[in-house]
Each structure stands twice: as C-alpha cells, then as structure tokens.
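Read through the structure below, which is laid out as structure tokens, and then see the notes.
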Amino acid sequence: MPAETESLESLLAQACAEIAAADSVPALALVRARYLGRKGSVAAQLRGLGELAEPERLRQGRLANETKQGIEQAVAARREALETGDRARALGAHRLDPTLPGASPPTGHLHPITRVMRDMVGFFTSLGFAIEEGPEVDSEYNNFEALNIGADHPARDEQDTLYVEGGRLLRTHTSTVQIRAMTGRTPPLRFIAPGRVYRHDLSPRHSPMFHQIEGFLVDERVTFGDLKGVLETFGRFLMGEGVRLRFRANHFPFTEPSGEMDYSCLLCDGKGCATCSQSGWIEWGGCGMIHPRVLERCGIDPTRWQGFAFGMSLDRTAMLRQGLPLMRHLFDGDLRVLEQL
Amino acid sequence: MRLSLAWLAEFVDLPPAADLIEGLCVGGFEDVCIDTPGPDLSAIRVGHVVERAPHPNADRLSVCRVDVGEGEPLEIVCGAPNVAAGQKVAVACVGTTLPDGRTLERAKLRGVTSNGMILSARELGLSEEHAGILVLDADARVGAPLGEVLGSSGRVLEVGLTPNRGDAASVLGMAREVRALFGGDLRLPEITPDERGAPARGALQVSIEAPDACHAYLARVVRGVQHVASPDWLQRKLEASGIRSRGVVVDVTNLVLLEFGQPLHAFDLRRLRGAEVRVRRAHAGEKLATLDGEVRELDPRDLVIADAERAIALAGVMGGRETEVDATTVDVLIESAHFDPASVRRSARRHGIRSEASYRFERGVDPEGVLRAADRAARLIAELASGEVAEGTLEARGEPVPLASEIRFEVERANRLLGTAFTAAEAIALLARVDVDAREKVPGVLACRAPSHRGDIQIAEDLAEELVRIHGVEKIPATLPTGTLTPVELPRLWSLGERAKDGLVAAGLCECVSFPFVPDGDARRLGLTEADPRWRHLRVLNPVKEEEAWLRSSLVPSLLRLARQNLDRQVDPVRIFELSRVFRPQEQPQPPAEPLWIAGLITAPRQRRLWDPASPPPLFFELKGIAEKLLNELGCMASLRAGAGEPYHHPGAAAAILAGDQVIGSLGELHPDVAARFGIDVPCALVELDLERLAQAPPRSARFREVSRFPQVRRDLAVFIAREQPAEALLAAIAKTAGADLHSVELFDRYDGAGVPEGRVSLAFRLVFQRLDRTLTDAEVVSAVERVIRMLSHRFGGELR
C-alpha cells in the first residue's frame, strides 16, 4: 500500500478523533481549519499529487476528496451535536418562577351605570332610536306644564322636586327631553334620552341623583301592544332570557293609557328578598301612549300621529346585575367596591 | 292609604288576599299590601267557659272548666271578676308563649292546679284594658286560633293611589274598584237620618262669598249630643287608618271621610258668633288658631270658613281651635262642602299642612257625594251620641262644577291605539264595570258619560286607559312596531365622552359617579378668583343636605374628595376619573351653562410593588402621557402650554391643554395648599378636558405616508443645555434645522448627575435620517448633524457633551 493512501486513511481517523474531542463550536472550527484549511493537512496531501503518474494521481485524488468529505461530515455532525447542547444549556440557564405575579399595567374600570347605559343605548340605536339630550337644570314648563302637570297638580308633590335659584329646577325625569325632541320635528320619530335626574330623597333605597333612559316613538300606527313588545324584548336583552316582566296599569299625566313595568328580582329570582321588599318584583319604570295634548303642544297632529313613551331608571338594574346590595355603592366612589366590578 | 280590610268586606265581597293584592297592583294601584298590625295571636285559642265555680281557698279566684276544642275541658284558675260560664274567651294553654314573651307553665294557685290562662286584652297586647278578661263574640269557633277571630278586623289594606284617583281614597272607592276588577255587588250602609229636631234653617245663615273656590256648602245640625266614648268598632276602623279617637262626634266625621271620601268638619254650633257661616277669602292679617295647636297668619288668597266675626276654619284643610267640638259641646254643625282642588292645594302648601281632608280635596272629591256624607254623619251622631238631627239642611251654592261632557269614543280608534280588537259590545261591558255609561249611537262609536266620582275621565284616551285596566294590561298582545328605519348617528359629544371614558379606563383609571351637590366655598378652596367662570355656583333652594346646597362648577373638588375618602380607606394608589356636566350660572334669563367635562386624578403610590421601575416617571409626566394618548385616541390635534395651569395646580408642574388657540383643558400636579385644604397628603396630579370644546377642535387626520425601503441612519447627540430651557423648543428647532432628510427626532435621555456643569442639564437626542428615494451618503448626514450642533450652540448655548 502506498504511503499516501495509508497517510490519508490515518489522517481521516486522526481528524475524526480530534473532531470528537472538540468540546465547543470554536474548538471544532480550529480542528476543521487544521485539516481542511488552505494550509491544512488535506491540502498538503493534495499538493503532492502533481508528481504522481496519471492513474495513481486519479486514484489518490479521489481518495483525498473522500477524506475531505469524510472530515466535513464529521465536523457537521459534531457541530450539530455541539449546537444542540449549547441551546439546551442556554435554555436550562434561563429558568424563572412562572407563579410570580405578572407586571400588570394599572387596570381601570367602567362604572356599572356606564355599562348598563351602553347596553341600553346599543339596543335602542340598533332599532333606529337616535339619542337626544337635554339640560339637567330645566324650566318648570318643560318638566311639568308641557307634560300636563299643571301648577296645582298633586303629581308635583310626588316628584320631590329640587329647585335652583333663578326659577329653575333639577329635572325630575328625562321626559323633559320629549318636548325638546318632538317640537319642530315631523314624525316618524324614534328617540332615546339617557341622563341624570334628581329628586329630593335620601332614603336608603333611593338616591337624590339617579339615571333614567327615556324613549319614545311617534308614527302613524304604533300601539300599546308595540310598547309592550319593545320593552319585553329590551328587558330580556338587558337582564337575560330568564327575566320575567310584569306590566301594571298606572297613571302619568303625560301618557294615556299609562302603565308601569316591573321585572322579576335578579337577586332572588322573584322569590322575594330584602332587595325587592319580599315582593319578587323590582319597579323598572313607567310607560304609556303619549297624551294627545302633549303631541299637540309639540306641534304634532294627534289625529294623524300617535306614539309611545317610556322612562326607566337604570341604577337598580346596574346594582342588581353586579350584585351590589346598596344604592350608595354606586355613588360613594369607594374603589374597594368599584374595582371589583 | 290604609283601610280596615273587614270594613271593605262590609261593602263588597273580597277575593282571597293574594288575588286582591295582585289584582289591585296590576289594576293601577301602587305598593299594595295587607298588613296585620299588633301582636301575633296565632298560638292563643278560643275557649268556651263550660263551668265556673268559686275557688275553694280564695275569694277572688274562680275555677273554670274551659273547652278549647280538643281533649277534655281544661281546669283553669282565673282571677278576673267578669269571667262567667257560657263566655267565649281567649285561652293560652301550657307551653304557649304569650305576646309579652313569657312561656306559660302549669301552676298551682292556692292548692288548685291551673292548666292554662284566660287572658285580658292587655295580656294579649291588644289594649291597655285590664279590668277583666277579654270576652269574645258568642259565635267565635271554639279551638280556633285567636288571630283568626280578631285578625280579620285587624287586617289593614295598604294602597298607594296615583294622583288622578282621589275617588278611590275611601272604603266606597276601593269597594268600587274591587267590584270593577273582580265583579260582585256593592253594599252601602244606611244613610238617611231620622230628622226629629227643630228645623236647621233657623239655626244660622250660610253664604258663599268666593263662588270660584267653593262650589257647594252644605251643613246639617245635630242638637243635644252627649259626650261619650266611641264604640269599639268605630275606634278600630279609625285606628286601622291611623286616626286616633277624639270623641264620638269627631270620630264620626272621620269615619264618614274614610267611608265615602268626603271630608267633613264638625263645629260646636254654640261657639259660632252671629248665627252665620260665610265661605270667604281671608282678610289681610287675619289669624286662625288651627286644631294642630298652631296660630296661622292667613293669606288673602286662603279660603276660610268664617262666622260673623272671624275665620273659624281653613277651608278643606283644617278646622279652628275656638269652634272645635269637645266634651262640653251640645249642638253640632256638620259641614260637608265641595271646594276647588287648586285652592285647597295652595292653602295647604302655603301653611305646610297635609290633612286627610286636603289630601282628598286636592285629588278630587265626588261633587255629588256632599249630601250623602252629611246625612250619614248626622245619622251616626244621633245614633251614637243620642243627638237629635235637625230637620233639613243649610245649603249654599257657588259656581257649579263643570259637568262631565259626553265623550265620543270610537272603538276602532281605541283598538288602533292599544293594538287590540275590542268590539263595541265588549267595550260597553268593560266600561260599565267602572260605572261609565256608554251607548252605541252610531255603529262603532260610543257616547260615554263618566260617573260623577270619576272627574279624571275626560277624553277618549282616558276611556282607553280604563279598558286596558279592567280588561287587564297583561292580556294586551305584545307586538313589535313596524316602520321606516333610518340610520342612527350618535351625537358627537356622546361618542366623544364614551371614547374618553374608554381611554382613561385603558390607562388604568377607575370611573366614579358622584353627586353634583357641594358645600359652599369650593371656589375659595381651589384658589379661584372672582373673575373665574367657576367662581359662581348655582344654589339649590331646597337642598337634600343643608351643608351641600350648591351645584358643582368643576369636577375637581369632587375628585379631590373622592381621593381623600379612598386614601382614608387605605386605597393605594388612587386612580379615578369622572365624566359629568358641571353647572355655571349665566346672566338671567339665560339658563345655566352645563358644559360636559371629564377629569382624572392619580396619586403617587405610597408603596412600591414588585416589577415597579426603580425610578418611576414623575407623576406629572405619567399623567401627561395618559392625556396625550387620550387626546390622540380622541382624534384631536392638541398641544400643551407650559406654565399655564390652574390656580389649584403646582405652579412649577402645570400646563394648559390647547386645541389651536383654544384652551380645552389642563394638566398639573396639585398645589400643596389646595391639597392641604382637601386633606390629601400624597402627591397628586389632575387632568381635565372640556369635551364640548374638544368636540369643536380640528380632527387629527390619520393618513397613509409612504414607507421608505432605504436604510435609516441614526445619530445620537448629548448636549449640555440650561436647565430652564423647555425641551419642546429644542425639538422643534432640531426638526427645522436638520433638513428634509430628517425622519424623526426623539429626546431619549435626560441627565443632571455628576459631571454636568452647574445650572445645566444633559439632554440626549436621537436623530434618524432617511430618504424615500435613495440611501443617504455619510457626508449628507454629517453635514446635517453639524448644522444642528451649530444651531444648538448659537441659539441655545448648547455644548456637546
């Protein structure tokens, strides 16, 4: 066996041993350079080939290339092994306790009333009701007279009105907006008027400020039955399919006929509890067909147009939907409570 | 209104209690309930005294054998003098708990075992009566729980009336409702008095001098009444309605008021001067001592009842002291009148009186019930106080009550309003149940006349309401409206407000809703000047709390109070906001302005939490970042003007928020003096935005800009600059000087530690250059940066670090 052959074979074996011994990617690169680099062992072997005769030169050349490939394969395999090991070590080095608390950005909360209000507004705008707003300090005319509650009407006593200087008052209901929205407009009209209203009342069950949403629809053919249908659909949308609604006859000077709506108590499911005064029902609001005189006062011909109106307070709904036991939790800004919601 | 349920049952057959409550509730009455006042008597039984024998060892005791409906009759020792064989009595057996809480045990009394106790009214907790045992009606069922026997007379129906239903404020009125809703017949008490006395006509003269305020005045005279206590049944009926017994004559007038809803007043006839009753307006300066013990200065608009010399009653509201019926009264004048509701209401309000009479007059009394009530009262007084009813009545008439006109009721139109399909016959039948006389003159058109007690029924829609009520509102089919749908656009202010809430919630603030009522002096507490639009507050004339009689002109005091309360509750940190209108008075007759504001407050945390940066940004900059992000999200081109904050801001850490030249809000740390006035002891910063002004600000356009595919070149510059130099001006100058190839400039570091010359600060800017059309050459960038360095040096005295 010629010396070159023997030396090439031993070169491969030697290289493989060194490659296996290389314990890092840079060490491996040095080994590779030693054998395969321009001044490496394999190159040195090849440099001697020119002196050989044709068949021997071919054979030796092939052998040298095989050696070179063998070394390359061994290097690649070793590199693969080393890199995998490096990654595994690196992964192993980065270990943290996933049960430590997250670096949470501060969390804000919408008020329960805002949430209910948005649900309500979303429902009615989807039915084509536009939003109309009015001032909270309004005239006696808009709050009472225009709604058929004259100066000597006993209903004024029930409203517990808060008066402000300058002959005005804090509106006791959002019905004031009916007059503003209807006057000067031609039906068909569909409006809601969400907003704050005020009463002189500070009992535990009531609050001097609360929120109402007023809605009204004026068209040629709109019935008391439509009013019931819209409110029943709304009640289920707002409080879930399981809620029961009850309509009661009632009286408001600005609607005729008038009704009042109750929904089954969300806390006790209508069985009776302290929140619903054992009745199983929560009073929701009033409704009815707009009184022809109110339409007339807004310049709408009551022989052609008719309409329904409703007004419900949403504070209790906001409380019950989130299980707040007391009305004051809504308004005393206690973050220990509001941040739960 | 509270009425004895048993009394109502005298007038009409009642359905079971639960049905009655539900029916009245759905039929238009509010807060309906049945109440059983007094002690729980269900454990006490009705016993029959079979035999009574004297006690062998005690004179005052007797030994009774009492049948209690089960087992052998019990042997019971009784000390009451009035016990007798044959009586029905209230018995507590051994083991029963008495109303006073004692549990009865078997006891030996002078050698005889007593197996129970026969009870007095006092022991039952029913009254103070303790002269002897309570003797029950002879037909009480032996063994029945006592509650069942007494209870029905004790049960009280409580009903809230809507203001239009004055007609229902009586037993008769409620009986009519029960009949309308459940059917049945009315049973009315005897009314006609036995007129045995001398004619009333001679007793005095009645005249009405204010015919607009008194439509009818009628009086009856009963002579020779005795002062006796009212019988038990009468007292119990009054008690059920919360009226105390005041002697039989007054009790009868109250009874008839409750019975028929017609207020009555009894005068001591002999105390009237000049044999005259005049219904007139009060004279200026006239005084009247009313029954409640007050002396009232009358108003010339008050309607009074007067004799020849003086006012003796405030008409329809309250009687006078000097002519009141008392133990010495012999002859009685019973007044039954019909006063104008508005007149009564105004007098009652003027004098702050709410009486049973004024309550009913204000809501409308049946104009045809005047005589009936006077008759009934005269009859009862004669019966119970042994008086003689004078023959005839004394009467005067004012302007007649406008007669209810005929109402044209088109059945189809009502159906169109209600969404129902009533036939004319059905409508007639339903209306008949509320005593409306309806006749079909033309097919489908009813001519209707409401009964005299239903003055509230005036137009066809009122009749439609009655149809709904009597038919049952729950039976009206629920449908959905049809019509043209037009797209809805939310008002800009509304959507802006909702988006602003979302923006602050995203920044970690919690929404609060607070009352607008504030105490006096908030403007001073905030350090505002009198020229400030927030200086004047709108005053509430009848505040809920005397100490909070003003409406807020700014959200800041509300937020500061909420912050303080939460700090007191150990909440840390406090991050809150509120969106609300505030109130600013304008020159009359302008209504107050109600601008819509959103305001937020954050406090510096007292305690560090895990992962918090070692040096968090100053509070001002945290809030500034929140405000900038919010304005950006609201689509508003806004800028800050440093040092133009509010009087309640720290003068060194405040800025105005502007859109164009318009100030739309502010931002700043809280002034330490203001913090002290509101009791806040941690650093605190505030941001406010006037949403109405914000809504008018030019919108920020978000449009596509070409993105370069050539590389960016970055250069960082650190410069020493005078401390007081605002950074914003530097950034603007750099942007201008660096030329068109500058892509962005950013202030990325600020350092004033070791190595920085006195009075200066090191600011580090990162300049990014980039062109859309080609790669920049090094020379171009170097030249731009050198221009910037020269500019900083010349204009700002900047010195490269």
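These protein sequence lines are chains D and B, in that order. Each residue of the first sequence is one higher than the one before, starting from 1 at the first, in the working numbering. Each residue of the second sequence is one higher than the one before, starting from 1001 at the first, in the working numbering. For glycine and all other residues, C-beta sits at the position ideal for the given N, C-alpha and C.
1) L1109 (chain B) to T1097 (chain B), Cα distance in whole Å?
2) When you compare the CB of D219 (chain D) with every CB in chain B, is at least one pair closer than 9 Å?
3) Reducing DSSP to helix, strand and coil, say where W305 (chain D) ends up.
4) Inspect the beta-carbon positions of V1445 (chain B) and E1406 (chain B) and report whether they are closer than 9 Å.
5) For the pair the stretch 129 to 139 of chain D and the stretch 193 to 200 of chain D, tell me if three or more CB-CB distances fall below 8 Å.
6) DSSP three-state call for H1351 (chain B): helix, strand or coil?
7) Using a Cβ-Cβ cut-off of less than 8 Å, list which residues of the stretch 1405 to 1429 of chain B approach chain D; keep chain order.
8) If we call anything under 9 Å between Cβ atoms a contact, is R1220 (chain B) one with A1429 (chain B)?
9) Assuming the contact rule is C-beta atoms closer than 8 Å, A1080 (chain B) and I1133 (chain B) should be a hit. Round their C-beta distance to whole Å, please.
10) Is it true that the stretch 1345 to 1364 of chain B meets the stretch 1196 to 1207 of chain B, where meeting means three or more beta-carbon pairs spaced less than 8 Å apart?
11) Taking the C-alpha atoms as reference points, what is the distance between E1051 (chain B) and Q1226 (chain B)?
12) Report the residues of the stretch 1532 to 1549 of chain B with a CB closer than 9 Å to any CB of chain D, ordered along the chain.
13) Would you call Q178 (chain D) buried or exposed, if buried means 16 or more other Cβ atoms sit within 10 Å of its Cβ?
14) R1065 (chain B): which of B:D1185, B:L1772 and B:A1084 sits nearest, CA to CA?
15) Between B:A1424, B:L1658, B:V1556 and B:L1541, which has its C-alpha nearest L162 (chain D)'s C-alpha?
16) Mark N1082 (chain B) as exposed unless 16 or more other C-beta atoms lie within 10 angstroms of its C-beta, in which case mark it buried.
17) Give me whichever residues DSSP pairs with V1089 (chain B) in a beta bridge.
18) Tell me whether I1789 (chain B) sits in a helix, a strand or coil according to DSSP, three-state version.
19) Closest to A1121 (chain B) by CA distance: which of B:G1111, B:P1099 and B:Q1590 is it?
20) Just how far apart, CA to CA, sit Q1586 (chain B) and W1535 (chain B)?
21) Here's the rule: buried if 16 or more other CB atoms are within 10 angstroms of the residue's CB, otherwise exposed. What is D1137 (chain B)?
22) Does the CB of D1366 (chain B) have a neighbour CB from chain D at under 9 Å?
23) Taking only the alpha-carbon atoms, compute the straight-line gap between A1240 (chain B) and P1037 (chain B) and give it to the nearest angstrom.
24) So for F1720 (chain B), helix, strand or coil by DSSP?
25) So for I149 (chain D), helix, strand or coil by DSSP?
26) Relative to chain D, which residues along the stretch 1330 to 1360 of chain B have a C-beta separation below 8 Å, given in chain order?
27) Just reading off the beta strand (DSSP E) that L1742 (chain B) is part of, what are its end residues?
28) Under 9 Å, do A1404 (chain B) and R1454 (chain B) count as touching if we go by C-beta distance?
29) In the DSSP output, which residue or residues are listed as bridge partners for I1381 (chain B)?
30) What residues from chain B crowd round F254 (chain D), counting only those whose CB sits closer than 7 Å?
31) Assign G1065 (chain B) to one of three DSSP states: helix, strand, or coil.
32) With K271 (chain D) as the anchor, note down where its alpha helix (DSSP H) starts and where it stops.
33) Between R248 (chain D) and chain B, is the shortest Cβ-Cβ distance under 9 Å, so that the two count as touching?
34) Skipping 5 residues on each side, what residues in its chain have a beta carbon closer than 7 Å to that of A1282 (chain B)?
35) Taking only three categories from DSSP, how would you classify E1669 (chain B)?
36) Determine the direct distance from the alpha carbon of W305 (chain D) to that of N1632 (chain B), and round the result to whole angstroms.
Based on what the coordinates show:
1) 20 Å
2) yes
3) coil
4) no
5) yes
6) helix
7) R1416, L1417, L1418, G1419 and T1420
8) no
9) 4 Å
10) no
11) 39 Å
12) L1538, R1539, V1540, L1541, N1542, P1543, V1544 and K1545
13) buried
14) B:A1084
15) B:L1541
16) exposed
17) B:G1047 and B:V1135
18) helix
19) B:P1099
20) 12 Å
21) exposed
22) no
23) 9 Å
24) strand
25) coil
26) P1341, A1342, R1345 and R1346
27) L1742 to Y1751
28) yes
29) DSSP output for I1381 (chain B) lists no bridge partner at all.
30) Within chain B, no residue comes near F254 (chain D); the closest Cβ sits about 11 Å away, beyond 7 Å.
31) First, the residue type needs correcting, since residue 1065 (chain B) is Arg and not Gly in the sequence shown. If DSSP states are grouped into helix, strand and coil, R1065 (chain B) belongs with the strands.
32) Taken as a continuous stretch (DSSP letters only), K271 (chain D) belongs to no alpha helix (DSSP H), as it is neither H nor E.
33) yes
34) L1298, D1299, P1300, D1302, V1304 and A1311
35) strand
36) 46 Å
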